[in-house]
Each structure stands twice: as structure tokens, then as C-alpha cells.
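Structure record follows, encoded as C-alpha cells.
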Amino acid sequence: MEEDFALRRRAVLPIGTVMSLTTLTARQIRYYENQGLVHPQRNAGNHRMYSLIDVDNLIQIVRDREAGLSLADIKRLRLARTKHQRETDSDARQVLQDELMNSSPFRQGNTIFGQGLRP
DNA sequence: CTTCTGACA
DNA sequence: TGTCAGCA
Numbered sequence: 001m002e003e004d005f006a007l008r009r010r011a012v013l014p015i016g017t018v019m020s021l022t023t024l025t026a027r028q029i030r031y032y033e034n035q036g037l038v039h040p041q042r043n044a045g046n047h048r049m050y051s052l053i054d055v056d057n058l059i060q061i062v063r064d065r066e067a068g069l070s071l072a073d074i075k076r077l078r079l080a081r082t083k084h085q086r087e088t089d090s091d092a093r094q095v096l097q098d099e100l101m102n103s104s105p106f107r108q109g110n111t112i113f114g115q116g117l118r119p
């Protein structure tokens, strides 16, 4: 149910499809890649292949731009978001670590995280 | 036919 | 950003 992440990672969409899915032009999509905002893979023919996650990121960029943010601002958000995720992951590992160290076999469970695309 | 890179009236 | 060239 959540392992679709593996599927969402698969780069199977050519730029043409991404164009219609994001309303962006090929020019803009390639430009954003140069700016490090998306990382499409390349197929045997050197053609860019995008994943659903790439499309989500691009759509988010479109929204941020419509919100008046510059690409520089969006880059900063991308970095801040990544840093926050790392901190969150670290905390998660720490918590798991602690619970494993002094494990009390029968205790209240922990909560799972749901979906979430932060601003 | 679609996409790629590089360049610029 | 658009657009055109010349390839793949």
C-alpha cells in the first residue's frame, strides 16, 4: 500500500508526457534540471526519463512559482526540506534505537507517519 | 516522429 | 524563454 514508493521512483515518462502533466515547456523542464531541481534518468538514447516523483516535484515548482517564489527561493525550500527530513530520520532512528536498547516487550506501540507534502 | 545540445534575430 | 539547427 505504501511500497508504491518503489513504483513512483521508476523513471518511465518521456519529457513530452511530463510537459502535458506539468504544463511546463521542455525548455523549462530542462532548465530546472540544470538548476538542480529535478534529476531525471537517461535512457539508452540519452533521452530524459522522469518518475512520478519527478512530476510531483515539478508540479510543486509550478505551484511555488505561481505563489510568486523565484527559483532561488524554491531551491532554498528544497534544501531546507531535505535537511528537515534528515533530522526527522535521525530522530526516528534515535527513538527506535532507545526502544530497542531497553525494550519492554509489551508496551504501547508507536505511531506511523502518513502522507505529507510540506510547503 | 520525439528528444537532445548549443546558440541567439 | 522561445526557437531554430543538425544529430541520434
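Under the UniProt record's numbering, think of the first position of the first sequence as 1, with each following residue one higher.
Each residue gets a CB set at the ideal place from its N, CA and C atoms; glycine is no exception.
- In this structure, the straight-line span from the alpha carbon of Ala-80 to that of Leu-52 is close to 22 Å.
- For Pro-14, the beta-bridge partners assigned by DSSP are Met-49.
- Secondary structure of Gln-35 (DSSP, three-state): coil.
- Residue range 4–9 is occupied by the alpha helix (DSSP H) that includes Leu-7.
- Excluding sequence positions up to five before and after Ile-59, its CB lies within less than 6 Å of the CB of Thr-22, all in the same chain and listed in chain order.
- Taking 8 Å as the upper bound for CB-CB distance, Ile-15 and Arg-48 are in contact here, some 5 Å apart.
- Within the DSSP bridge table, the entry for Gln-41 names Met-49 as partners.
- With fewer than 16 other Cβ atoms from the protein chains shown falling within 10 Å of its own Cβ, Val-12 counts as exposed.
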